[in-house]
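For the protein sequence lines, the chains are A and B, in the order given.
Each residue of the first sequence is one higher than the one before, starting from 1 at the first, in full-length UniProt numbering.
Each residue of the second sequence is one higher than the one before, starting from 1 at the first, in full-length UniProt numbering.
To start, the structure under review is shown below, and the notes come after it.
2 protein chains.
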Amino acid sequence: MAVHYIIASHGNMAKGIYHTYNYITQCEPENLYIINAYTENDSPAIQIDRCLSGIPEEDKILVFTDIRQGSINQLFYTRLAQYDFFLVTGMNLSLLLELMTIKEEELNERKIQQVVEEARREIEFMNIRFKAGQLENDDSQENDFMM
Amino acid sequence: MAVHYIIASHGNMAKGIYHTYNYITQCEPENLYIINAYTENDSPAIQIDRCLSGIPEEDKILVFTDIRQGSINQLFYTRLAQYDFFLVTGMNLSLLLELMTIKEEELNERKIQQVVEEARREIEFMNIRFKAGQLENDDSQENDFMM
Numbered sequence: 001m002a003v004h005y006i007i008a009s010h011g012n013m014a015k016g017i018y019h020t021y022n023y024i025t026q027c028e029p030e031n032l033y034i035i036n037a038y039t040e041n042d043s044p045a046i047q048i049d050r051c052l053s054g055i056p057e058e059d060k061i062l063v064f065t066d067i068r069q070g071s072i073n074q075l076f077y078t079r080l081a082q083y084d085f086f087l088v089t090g091m092n093l094s095l096l097l098e099l100m101t102i103k104e105e106e107l108n109e110r111k112i113q114q115v116v117e118e119a120r121r122e123i124e125f126m127n128i129r130f131k132a133g134q135l136e137n138d139d140s141q142e143n144d145f146m147m
Numbered sequence: 001m002a003v004h005y006i007i008a009s010h011g012n013m014a015k016g017i018y019h020t021y022n023y024i025t026q027c028e029p030e031n032l033y034i035i036n037a038y039t040e041n042d043s044p045a046i047q048i049d050r051c052l053s054g055i056p057e058e059d060k061i062l063v064f065t066d067i068r069q070g071s072i073n074q075l076f077y078t079r080l081a082q083y084d085f086f087l088v089t090g091m092n093l094s095l096l097l098e099l100m101t102i103k104e105e106e107l108n109e110r111k112i113q114q115v116v117e118e119a120r121r122e123i124e125f126m127n128i129r130f131k132a133g134q135l136e137n138d139d140s141q142e143n144d145f146m147m
C-alpha cells in the first residue's frame with residue numbers, strides 16, 4: 001500500500017508550496033498530484049475526479065487544499081461521500097512537512113488531527129514572542145530555529 | 001501612511017500564495033515585496049535588508065513568512081530589534097486574505113493577534129466535519145462555502 005498526495009489550490013499556491021516543501025526536504029514523493037485550479041484548461045472538477053478515480057482503492061490518499069470556504073475544498077469535500085481519502089484544508093508549510101513525512105502505516109485520523117493542531121500553533125505573531133524574549137532577557141527563544 | 005507587505009519563503013511558496021491571493025481578491029497591493037529565497041542571486045539577508053531599509057519609517061510593514069523555525073523567519077525575527085514591523089509566520093491563505101485587507105489605520109497588534117487565532121482555526125481536518133454532518137444529517141455545514 002502507498003500514500004498518494006494531492007495538493008490543490010486556486011491559482012499557483014499548490015505548486016509554490018510544494019516547491020518550498022521540496023526545497024526544504026529534498027524529497028520527491030512518488031505519488032504526487034498538484035492542482036493549480038483555474039490556471040489550466042480542464043475544470044477543477046474534472047481534474048479532481050481524474051485524480052481520485054485513478055488511485056487504487058487499497059492505497060491511502062491525503063489531500064491538502066488552500067482554504068476551507070473555497071471551491072476547491074468544497075469539490076473535495078462533497079467527494080468524501082464517494083471516495084475514501086483524508087482531506088485537510090487551510091494548508092501551511094508546517095502541515096505539509098509534518099503530514100507528508102508520516103509513514104503509510106502510521107497515517108490515520110487520530111494522527112492527522114494531532115498534526116493539524118500542531119500546525120495551527122505554528123501560525124504565530126512573532127512580535128509577541130519577541131517582546132516576551134526582551135522582557136525575560138531570554139535568548140533561548142531566539143535559538144529555537146532549525147532550517 | 002501606507003502599509004507595505006512582504007511575503008517571504010524558502011523557494012516559491014511566496015509567489016505561489018500571492019498568485020492565489022491575487023486570483024481570489026483581484027487585488028494588487030501597491031507596496032508588495034515577494035522574496036522567494038534561495039531561488040535568486042542575492043542572499044535572503046541582502047534581500048530582506050534592502051526591503052526593510054527602503055520603506056519610509058512612518059509607514060507600516062506587515063511581513064509573512066513560511067515557517068517559524070526556518071531561516072527566513074529567523075532573519076526577519078532578529079531584525080525586529082532594528083526595524084519596526086509586524087511579523088507573522090506559518091502563513092496560510094486565510095491569514096493573507098484577512099490581514100492584507102485590513103485598512104492601515106486598523107492594523108495593530110491586537111487586530112493581528114485576533115486574525116492569527118482565526119487563521120489557526122481555518123486549518124481543519126475536514127473528515128471530522130464530514131462525519132459530524134453525516135451523524136446530524138445536517139446539510140447546512142456543506143453550504144458554508146464562499147468562493
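Ideal placement from N, C-alpha and C gives every residue a C-beta, glycine not left out.
Backbone secondary structure at residue i - three-state DSSP
i: Asn41(B); result: coil
i: Glu124(A); result: strand
i: Lys103(B); result: coil
i: Asn108(A); result: coil
i: Ile46(A); result: helix
i: Ile34(A); result: strand
i: Ile67(B); result: coil
i: Glu142(A); result: Confidence at Glu142(A) is low in this model, with a pLDDT of 49, below 50, so its placement is unreliable and no value can be given for it.
i: Ile61(A); result: strand
i: Asn73(B); result: helix
i: Gly133(A); result: helix
i: Asn98(B); result: The question names Asn, yet the displayed sequence has Glu at residue 98(B). Residue state, collapsed to three classes: helix.
i: Glu28(B); result: coil
Residue i - containing beta strand (DSSP E), residue span
i: Tyr5(B); result: 3–10
i: residue 157(B); result: With chain B represented from 1 up to 147, any question about residue 157(B) goes unanswered, as that position is not in the structure.
i: Leu80(B); result: Leu80(B) -> no beta strand (DSSP E), and no H or E assigned at all.
Among the options, the one whose alpha carbon lies nearest that of residue i
i: Thr89(B); options: Ala119(A), Gln47(A), Leu99(A); result: Ala119(A)
i: Arg50(A); options: Glu98(A), Leu107(A), Glu124(A), Ile6(A); result: Ile6(A)
i: Ile48(B); options: Glu30(B), Glu98(B), Thr25(B), His10(B); result: His10(B)
i: Tyr83(B); options: Ile61(B), Arg68(B), Glu98(B); result: Ile61(B)
i: Lys111(A); options: Arg121(A), Glu98(A), Ile123(A); result: Glu98(A)
i: Ile46(A); options: Tyr21(A), Ile72(A), Arg121(A); result: Ile72(A)
i: Glu57(B); options: Phe85(B), Asn92(B), Leu107(B), Asn127(B); result: Phe85(B)
i: Glu117(B); options: Phe125(A), Asn92(A), Leu87(A), Gly16(A); result: Phe125(A)
i: Lys131(B); options: Glu106(A), Arg79(A), Val115(A), Glu105(A); result: Arg79(A)
i: Gly16(B); options: Asn92(B), Glu109(B), Ile128(B); result: Asn92(B)
i: Ile128(A); options: Leu52(B), His4(B), Ile34(B), Glu109(B); result: Glu109(B)
i: Tyr33(B); options: Ile67(B), Ala81(B), Leu52(B), Glu105(B); result: Leu52(B)
i: Ile24(B); options: Thr25(A), Gln26(A), Tyr38(A); result: Tyr38(A)
i: His4(B); options: Val63(B), Gln26(B), Phe76(B); result: Val63(B)
Environment of residue i [buried if 16+ CB atoms lie within 10 Å]
i: Pro44(B); result: buried
i: residue 150(A); result: The question about residue 150(A) has no answer, for chain A in this structure spans 1 to 147.
i: Ser94(A); result: buried
i: Thr101(A); result: exposed
i: Asn12(A); result: buried
i: Glu28(A); result: exposed
i: Lys103(B); result: exposed
i: Asn41(A); result: exposed
i: Ala8(B); result: buried
i: Thr65(A); result: buried
i: Glu142(A); result: Reliability fails at Glu142(A), whose pLDDT of 49 lies under 50, so the model's placement of it is uncertain and no value is given.
i: Ala14(B); result: buried
i: Arg121(B); result: exposed
i: Asn36(B); result: buried
i: Leu96(B); result: buried
i: Thr20(A); result: buried
i: Met1(B); result: exposed
i: Leu135(B); result: exposed
i: Gln114(B); result: exposed
i: Gln74(A); result: buried
Enclosing alpha helix (DSSP H) for residue i [first to last residue]
i: Ile24(A); result: 13–25
Quiz prompt | Short-range partners of chain A found in the segment 27–59 of chain B, where Cβ spacing is below 7 Å | solution = Tyr38
Quiz item: For the segment 10–21 of chain A, which residues have a beta carbon sitting closer than 9 Å to at least one beta carbon of chain B?
Solution: His10, Gly11, Asn12, Met13, Ala14, Lys15, Gly16, Ile17, Tyr18, His19, Thr20, Tyr21
Quiz item: In the segment 96–112 of chain A, which residues sit with their C-beta less than 9 Å from some C-beta in chain B, listed in chain order?
Solution: Leu97, Glu109, Ile112
Quiz item: What residues from the segment 114–127 of chain A come within 8 Å of chain B, judged by C-beta to C-beta, listed N to C?
Solution: Val116, Ala119, Arg120, Arg121, Glu122, Ile123, Glu124, Phe125, Met126, Asn127
Quiz item: In the segment 59–91 of chain A, which residues sit with their C-beta less than 9 Å from some C-beta in chain B, listed in chain order?
Solution: Val63, Thr65, Asp66, Ile67, Arg68, Gln69, Gly70, Ser71, Ile72, Asn73, Gln74, Phe76, Tyr77, Thr78, Leu80, Ala81, Phe85, Phe86, Leu87, Val88, Thr89, Gly90, Met91
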